[in-house]
Amino acid sequence: MSQKIKTAIAGSLPKPAWLAEPEKLWAPWHLSGETLEQAKFDAMRLAVDDQLRAGITVIGDGEQTRQHFVTTFIESLSGVDFVNRKTVRIRNRYDADVPVVVDRVMRPKSVFVEDAKRLRALTKGPIKFTLPGPMTMVDTLFDDYYKSREKLALAFAELLNQEARELAAAGVDIIQFDEPAFNVFFDEVKDWGVKTLEVAAAGLPCKTAVHICYGYGIEANIKWKNALGEEWRQYEHVFPLLAASKIDQVSLECINSRVPMELIELLRGKDVLVGAIDVANNQIETPEQVANVLREATKYADIKHIYGCTNCGLVPLGRAVATAKLQALAAGADLLSKEMGLS
Ligand code: ZN
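According to the numbering used here, the residues represented by the sequence shown are 1 to 343, in order.
Written out as structure tokens, the structure is:
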């Protein structure tokens with residue numbers, strides 16, 4: 001008999017109100033210095049506890065120590081100027097003030113390894129750690145040095161690989177690279193995106209994953225999604241390339257999106273983290289709704305490769321809503337597992 005369907009979160013969870021302003025993306029910290037560092041780890045314990053109590057299989061840190069899924073990593077690198085920012089268009093959708101690459105990028109010290117060690121100490125089960133993907137990093141900066149998105153991505157990929165090797169050595173079971181940019185720049189994904197992703201993931205002793213979504217429920221993303229038409233087939237460009245890559249798992253957006261489920265057929269043989277929880281509304285999915293999404297996925301992927309997951313990070317939501325959504329995710333996966341006679 002196969003094992004029951006596993007569950008995981010894409011990455012982030014809401015932060016407690018004493019740590020950062022709730023229900024706000026990229027909210028600044030409320031604390032500073034040593035108090036802040038302690039508070040981040042306290043928040044991580046709560047995030048882990050919420051997942052364990054809900055019955056989630058693969059546990060993450062809820063990204064409680066980061067303000068932003070990309071720039072928090074970049075802040076620890078040298079070669080990037082965070083003071084004199086420039087305005088650029090992100091993912092072809094919205095303008096943001098971003099740091100500027102002014103010199104060769106280097107990673108003078110580990111970024112998340114202490115976080116990973118703490119996470120490892122909080123559970124004996126499988127743990128996942130997220131890092132930004134090289135293309136998404138390039139797309140969240142202004143480059144005044146490399147003058148080539150591909151060259152800068154490759155430089156970042158090498159630094160990510162150093163970091164990922166240390167995370168794996170700290171006991172991380174799955175390292176996931178977040179690449180929402182893969183849903184936008186198809187020519188670049190083909191030319192160098194998957195290649196640089198594989199450089200970031202090269203030689204790791206643990207499983208590797210990539211998360212590709214349609215973004216948080218911010219206005220620019222909602223507008224973009226509304227302009228994408230009846231069927232969202234962006235994954236069709238990317239999945240065949242990932243199927244041929246060494247990446248083990250793909251995390252994608254499904255519920256309430258117009259992504260045809262049949263596209264996951266293109267990932268045969270890979271683990272598929274099927275988004276069955278919407279991160280852009282406050283409605284709590286029922287276990288039946290979650291089970292329905294996962295059941296549909298079983299038509300196109302082997303059950304042993306299917307994980308129930310969230311569409312994206314849960315950070316923009318209230319804590320109570322996010323916790324209830326975690327419970328629905330685990331309950332939905334259990335419901336389908338029982339229906340299919342898995343235990
Ligand atoms: Zn996402």
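In this text, a Cβ means the ideal position worked out from N, Cα and C, and glycines have one as well.
These numbers come from a predicted model, not from an experiment.
Residues sharing a beta bridge with Thr-87, DSSP: Translated into the one-based positions of the sequence shown, residue 87 becomes position 87. Thr-87 pairs with Asp-97.
Gly-133 beta carbon near the ligand ZN (any heavy atom closer than 7 Å): To locate residue 133, count along the sequence shown from 1; it is residue 133. No, Cβ of Gly-133 sits at least 7 Å from all heavy atoms of the ligand ZN.
Length of the line joining the Cα atoms of Val-102 and Ile-174: The count along the sequence shown starts at 1 and reaches residue 102 at position 102. The count along the sequence shown starts at 1 and reaches residue 174 at position 174. Answer to the nearest angstrom: the Cα atoms are 32 Å apart.
Minimum C-alpha distance to Leu-19 - residue among Leu-13, Glu-265 and Trp-29: Locating residue 19 in the sequence shown gives position 19, counting from the first residue. When only C-alpha atoms are compared, the closest one is Trp-29.
Straight-line gap, Asp-97 to Val-199 (C-alpha atoms, nearest Å): Here residue 97 refers to the residue found at position 97 of the sequence shown. Here residue 199 refers to the residue found at position 199 of the sequence shown. Taking the straight line from one Cα to the other gives about 28 Å.
Residues of its chain near Gln-249, where Cβ-Cβ distance is below 8 Å and the 5 sequence neighbours each way are ignored: Position 249 of the sequence shown, counted from the first residue, corresponds to residue 249. Close CB contacts of Gln-249 within its chain, under the 8 Å cut and outside five residues either way in sequence, are with Ile-174, Gln-176, Lys-207, Thr-208, Ala-209, Val-210, Lys-270, Asp-271, Val-272, Leu-273 and Tyr-307 (chain order).
Helix, strand or coil at Arg-258 according to DSSP, with G and I counted as helix: Counted from its first residue, the sequence shown places residue 258 at position 258. In the structure shown, Arg-258 sits in coil (DSSP, three-state: anything other than H, G, I, E or B).
For review: beta carbons within less than 5 Å of any heavy atom in the ligand ZN: The chain-ordered list of residues whose CB is nearer than 5 Å to some heavy atom of the ligand ZN reads Cys-213 and Cys-312.
Nearest residue (CA-CA) to Ala-168, options Ala-330, Lys-117, Leu-314 and Tyr-214: As a position in the sequence shown, residue 168 is number 168, starting the count at 1. Of the listed residues, the one whose Cα sits closest to Ala-168 is Lys-117.
Secondary structure of Gly-79, DSSP reduced to three states: Taking the first residue of the sequence shown as 1, we reach residue 79 at position 79. For Gly-79, the three-state secondary structure derived from DSSP is strand.
Straight-line gap, Ala-280 to Leu-197 (C-alpha atoms, nearest Å): The count along the sequence shown starts at 1 and reaches residue 280 at position 280. The count along the sequence shown starts at 1 and reaches residue 197 at position 197. Computed Cα separation, rounded: 27 Å.
Enclosing beta strand (DSSP E) for Phe-129 [first to last residue]: Taking the first residue of the sequence shown as 1, we reach residue 129 at position 129. Where Phe-129 is concerned, the enclosing beta strand (DSSP E) stretches over 128-132.
N-terminal and C-terminal residue of the beta strand (DSSP E) that Gly-313 is part of: If you number the sequence shown from 1, residue 313 lands on position 313. Taken as a continuous stretch (DSSP letters only), Gly-313 belongs to no beta strand (DSSP E), as it is neither H nor E.
Contact belief for Pro-99 with Thr-57 at Cβ below 8 Å, rounded distance in angstroms: Here residue 99 corresponds to residue number 99 of the sequence shown, with the count starting at 1. Here residue 57 corresponds to residue number 57 of the sequence shown, with the count starting at 1. Going by Cβ atoms, the distance from Pro-99 to Thr-57 rounds to 36 Å, so no, they are not a contact pair.
8 Å contact criterion, which Phe-73 and Val-113 should meet: CB distance rounded: Walking along the sequence shown from the start, residue 73 turns up at place 73. Walking along the sequence shown from the start, residue 113 turns up at place 113. In fact, because the Cβ distance is near 12 Å, the residues do not count as touching under 8 Å.
Sufficient close CB pairs (3 or more, under 8 Å) joining the region 76-86 to the region 47-61: As far as the Cβ criterion goes, the region 76-86 does not touch the region 47-61, which means the pair count is below three.
Cβ-based burial, Gln-3 [other Cβ within 10 Å; buried from 16]: Position 3 of the sequence shown, counted from the first residue, corresponds to residue 3. Label assigned to Gln-3: exposed.
Own chain partners of Val-189 with C-beta closer than 6 Å, once the 5 adjacent residues on each side are dropped: Residue numbering aside, residue 189 sits at position 189 when the sequence shown is read from its first letter. Around Val-189: Phe-182 and Val-238.
Among Leu-31, Arg-93 and Arg-89, nearest to Thr-65 - alpha-carbon criterion: For the purposes of this step, residue 65 is taken as the residue at position 65 of the sequence shown. Ranking the options by Cα distance to Thr-65, first place goes to Leu-31.
Cβ shell of Ile-9 (< 6 Å), same chain only, five flanking positions each side left out: Within the sequence shown, the letter at position 9 stands for residue 9. Cβ neighbours of Ile-9 beyond the five flanking positions: Gly-60 and Thr-310.
Reference Gln-67, options Lys-24, Arg-165 and Leu-266, closest by Cα: Here residue 67 refers to the residue found at position 67 of the sequence shown. Measuring from the Cα of Gln-67, the nearest candidate turns out to be Lys-24.
Same chain, Cβ closer than 8 Å to Leu-294, five either side skipped, listed in chain order: For this step, residue 294 is matched to residue 294 along the sequence shown. Once the five neighbours on either side are set aside, the close Cβ partners of Leu-294 are Ile-5, Val-274, Ala-276, Ile-306, Gly-308, Gly-332, Ala-333 and Leu-336.
Minimum C-alpha distance to Ile-284 - residue among Ala-322, Leu-266 and Ala-170: Here residue 284 refers to the residue found at position 284 when the sequence shown is read from its first residue. Of the candidates Ala-322, Leu-266 and Ala-170, the one whose C-alpha sits nearest the C-alpha of Ile-284 is Ala-322.
Backbone secondary structure at Trp-232 - three-state DSSP: Against the sequence shown, residue 232 aligns to sequence position 232. Reduced to three states, the DSSP call for Trp-232 is coil.
Euclidean distance between Cα positions of Tyr-146 and Ala-164: Position 146 of the sequence shown, counted from the start, is the residue given in the question as residue 146. Position 164 of the sequence shown, counted from the start, is the residue given in the question as residue 164. About 23 Å.
Sequence-distant residues of its chain with Cβ nearer than 8 Å to Leu-317 (five each side left out): Residue numbering aside, residue 317 sits at position 317 when the sequence shown is read from its first letter. Answer for Leu-317: Pro-14, Glu-23, Val-279, Asn-282 and Lys-325, listed in chain order.
Buried or exposed (CB count within 10 angstroms, at least 16 for buried), Ser-343: As a first step, residue 343 is located in the sequence shown; it is residue number 343 there, counting from the start. Exposed, by the Cβ-count rule.
Every unbroken alpha helix (DSSP H) inside the region 238-312 [4 residues or more]: 287-297
Gly-215 classed as buried or exposed, judged by whether at least 16 other C-beta atoms fall within 10 angstroms: In the sequence shown, counting from the first residue as 1, residue 215 sits at position 215. Using a 10 angstroms sphere on the CB of Gly-215, the tally of other CB atoms reaches 16 or more, which defines it as buried.
Backbone secondary structure at Gln-67 - three-state DSSP: On the sequence shown, position 67 is the one that residue 67 refers to. DSSP places Gln-67 in coil when its eight states are reduced to three.
Gln-327 (DSSP reduced to helix, strand or coil): To locate residue 327, count along the sequence shown from 1; it is residue 327. If DSSP states are grouped into helix, strand and coil, Gln-327 belongs with the helices.
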